[in-house]
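All the letters of the sequence shown, read from the start, carry residue numbers 0 to 227 under numbering that gives the first Met the number 0. Just so it is clear, CB atoms sit at the ideal spot from N, CA and C, and this is done for glycine as well. The structure appears right after this line, and notes come after that.
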Amino acid sequence: MADQSIVALNQKIDALTAQVAYLADQAAIVERQRQDRAELVRDLTPIADQAFHLAIEQLEEVQEYIDLSDLLRLAKRLMRNGRNLEKILDQLESIADFSQTAAPIADEAFSKAINTLADLEQKGYFTFARGGRRIMDNIVTSFTEEDVDRLGDNVVLILNTVRDMTQPEIMNFVRSTLLVAEQEIEKPVDITYSGLLRQMRNPEVRRGLALTMRVMQVIGSQTQPTSS
Numbered sequence: 000m001a002d003q004s005i006v007a008l009n010q011k012i013d014a015l016t017a018q019v020a021y022l023a024d025q026a027a028i029v030e031r032q033r034q035d036r037a038e039l040v041r042d043l044t045p046i047a048d049q050a051f052h053l054a055i056e057q058l059e060e061v062q063e064y065i066d067l068s069d070l071l072r073l074a075k076r077l078m079r080n081g082r083n084l085e086k087i088l089d090q091l092e093s094i095a096d097f098s099q100t101a102a103p104i105a106d107e108a109f110s111k112a113i114n115t116l117a118d119l120e121q122k123g124y125f126t127f128a129r130g131g132r133r134i135m136d137n138i139v140t141s142f143t144e145e146d147v148d149r150l151g152d153n154v155v156l157i158l159n160t161v162r163d164m165t166q167p168e169i170m171n172f173v174r175s176t177l178l179v180a181e182q183e184i185e186k187p188v189d190i191t192y193s194g195l196l197r198q199m200r201n202p203e204v205r206r207g208l209a210l211t212m213r214v215m216q217v218i219g220s221q222t223q224p225t226s227s
């Protein structure tokens, strides 16, 4: 019986010792927190004093432009529009998130655009465009307003003429004629009567002369003589 009482007493002493140790630990924690707060206050006090004096100096500079009623009215508006301000902040956060997401895509697109422009420059597109601009400047400075009006009146006729001149048959004929002329122009030409007569024996020469005369006939028929 006495042994059981001693055991129970020892258990109570152990429990009391544990509680005392716990309270001591808690007291140490509270003391450390108090010291941390005191140290923080000591560190912030000079900063707060400096900020306070700076705020006073800045307010003194603008005090003639600020009215207390204006500040109160602004504060009321801010409080009334708290939800709107919160929505604006949410939108700004969404824009910031979108910017972070789109930044790599924009960088890649910008790099591709730079490479495309460099490729166009290397191929000569910009040089051609600058040359075309000079051509347009020359055209604009070379034609008067009356010339432009006449051009507008005859633009359909001009386009039809260009269309007819750019037919494959005409273009092939002109090209082949130029190629033959380039080859024949370097050769010696016999312009004596006998040489010309020999050439007249050539059927192709006679056909060419006949076609030339036919063209001259058409030109003559379309040219009306001026009445005196």
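Give the C-beta separation of residue i and residue j to the nearest angstrom, bearing in mind that I take them to be a contact with Cβ-Cβ under 8 Å.
i	j	result
R205	M199	6 Å
Taking the alpha helix (DSSP H) that residue i belongs to, which residues open and close that run?
i	result
T115	81-122
Q166	First-last for Q166: undefined, no H or E at that position.
I218	202-221
V147	144-152
Q198	192-199
Within 8 Å (strictly less), CB to CB, does residue i reach chain B?
i	result
P103	As a matter of chain content, chain B is missing from the structure shown, which is built from one protein chain.
Measuring only from the beta carbon, is residue i closer than 7 Å to any heavy atom that is part of the ligand GDP?
i	result
N201	The ligand GDP is not among the ligands present in this structure, which contains no ligands whatsoever.
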